[in-house]
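Working notes, beginning with the structure itself.
In the numbering used here, the protein residues as written are 1064 to 1725.
Structure, rendered in structure tokens:
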């Protein structure tokens, strides 16, 4: 990796200048410092903003016949990127890239276990007091190295090949049980290899492509072992697997300005779990292996037609088939259980149309039908019927308006066996998971864009979504959302530019369920302290406001200010009958958070090539949630690590950046 970095950095110096008509690009180099009042992994979750140097470079040398370029971002930081590219026009092009990112999950977690980061964890019995636990950070480092090469000559045919390798190393939170419940660290040591070959044909009337790919996933830690005192417990981890992927596509221009696009794909996913690697788990198969075998067949067709200047249509159909040939395992410990193999067929068809009623009015509408047949007892079949209509008006030079209505009807049918519904399984007759439940959805949106003045633009939109699940006794009953957004951009005197926005969302959901002891699944039974129906209502308010101002101070000196504030206020109300006990009360801190960002920077352009930026940035985030109230690392036989406790942060940052363009 170090050799690659040196090659990229030396490229502008070592590359021959003869034969290249132009050399252009941009180099940025900066330094920053942070002052933390509170520190959290959330601040650096997908980025590295640590103290010190940072920068980037993008250089391209090209001529009439060839090009050669390189890019570098944040060398030596945890979010670095490198790219080397080149080619001969009309013959080939290619690139090599490397990307690195550390996903920070949580800082300063605690654990009584030894061996964090390995596939064997040791917890002493008895568990020592929290004061004797060791601290660690949850994070996963992701490194991707890849290349692609394309042969693209002046004839209609082309060829493309690509390959990449992604490494993931680190630890993430994982719940384990061994005579006690532990939140410990799952070791991550994954490698994924991907290769892809594509060949195709292109002409004015026809394009076609054939694609073949192979992917392999390798996990170096096949088994996670927890030793609690003298007891041993083993846990499965993601198993090695590989897949073959084949696809093809064709587009053909037809009469009446029509275009037909066809696609087909076949994916075959295979995996093997070796039970001989377990010490305490007996293999359910005679050959000590579980063989996973899942296949997908996909196909689609889209026909777009421009009938005349007033009418255009889109007719489409798609099909997905999932076939599962994996081993089916039946266990008898604690009752007979079989892993049901999940398979499904899904058909989707629809027609969209756009009709210009006049020069200033455009009407759009469509219908879509979905049918899914799956091997799930709680939702064997699902049928969706979707209708929408939209009208757009531009009759005024300074205003445009859009109004859209949408209706979805979903019907879902269960197919429970008598065995599933026996005993306490009776509850399934009254409960349907919301993702497949029968429902009606109503959606409406209205939006306006205003340009009353040459230097003023305004936008305003409101949307409503309402899902009604009344056909289900238990589960989600209704869900509604209101969204209101406004934005403005304006050119003020002295060439000052202002962009501002504000938004508000309100979400409300109602959920019904039942608490029961064995033998009390029937919801019609009289309620008591152990068997009763209960409900909860969620409501969330979200608000955001922000702006950005660009101010020219003097010639070549500009000032940029920005600010953004957003917050969420969540509440959960519980209700049950008086016969079940005292009222359950209300949770007033449900995912409550606020986040503030602000900044100011001055940009001085010394000339057309050099610029210097000096800036200050502020960011603060705070989360208040009932699940973290009165947090304790141990309670009885439950031992937690405290992941997510570092949820709040406040950062002041100053930075300087110089840029050179050529």
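For every residue, glycine included, the Cβ atom is placed at its ideal position computed from N, Cα and C.
For clarity, every value in this text was computed on a predicted model and none was experimentally measured.
Query                                                                                                               : Result
Same chain, Cβ closer than 8 Å to residue 1687, neighbours up to 5 away in sequence not counted                     : 1652, 1655 and 1656
Residue 1359 vs residue 1330 beta-carbon contact at 9 Å                                                             : yes
Residue 1369 versus residue 1318 - alpha carbon distance                                                            : 10 Å
Backbone CA spacing between residue 1390 and residue 1110 [nearest angstrom]                                        : 42 Å
Three or more C-beta pairs below 8 Å linking the region 1122–1140 and the region 1173–1193                          : no
CB contact flag (residue 1650, residue 1630, <9 Å)                                                                  : no
Environment of residue 1707 [buried if 16+ CB atoms lie within 10 Å]                                                : buried
Cβ shell of residue 1220 (< 6 Å), same chain only, five flanking positions each side left out                       : 1264
Secondary structure, beta strand (DSSP E): runs of 3+ residues fully inside the region 1291–1352                    : 1294–1299, 1304–1317 and 1321–1337
In DSSP terms, what residue 1054 is bridged to                                                                      : Lying before the first or after the last residue shown, residue 1054 is absent from the chain, which here runs from 1064 to 1725.
Outcome for residue 1288 when other beta-carbon atoms lying within 10 angstroms are tallied against a minimum of 16 : buried
Simplified DSSP assignment, three categories, for residue 1220                                                      : strand
Contact check, residue 1605 vs residue 1570, beta carbons under 9 Å                                                 : yes
Which of helix, strand or coil DSSP assigns to residue 1556                                                         : helix
Straight-line gap, residue 1404 to residue 1565 (C-alpha atoms, nearest Å)                                          : 48 Å
Option nearest residue 1367 by Cα separation, candidates 1321, 1344, 1355 and 1339                                  : 1321
Cα-Cα separation between residue 1428 and residue 1376, rounded to whole angstroms                                  : 10 Å
Beta-carbon proximity list for residue 1632, same chain, < 6 Å, skipping 5 on both sides                            : 1604 and 1655
Between the CA atoms of residue 1115 and residue 1297 - distance to the nearest angstrom                            : 44 Å
Secondary structure of residue 1696, DSSP reduced to three states                                                   : coil
Alpha helix (DSSP H) runs wholly inside the region 1242–1278, at least 4 long, in chain order                       : none
Extent of the continuous alpha helix (DSSP H) to which residue 1484 belongs                                         : 1481–1484
Secondary structure, beta strand (DSSP E): runs of 3+ residues fully inside the region 1120–1204                    : 1129–1136, 1144–1151, 1155–1174 and 1183–1186
Option nearest residue 1492 by Cα separation, candidates 1479, 1663 and 1664                                        : 1479
Under the three-state DSSP convention, the category residue 1489 falls into                                         : helix
Backbone secondary structure at residue 1565 - three-state DSSP                                                     : strand
Cβ neighbour criterion (16 or more within 10 Å) applied to residue 1105                                             : buried
Alpha-carbon spacing of residue 1463 relative to residue 1087, whole angstroms                                      : 41 Å
Where residue 1482 falls, given that 16 or more other Cβ within 10 Å makes a residue buried                         : exposed
Delimiting residues of the beta strand (DSSP E) encompassing residue 1600                                           : 1595–1617
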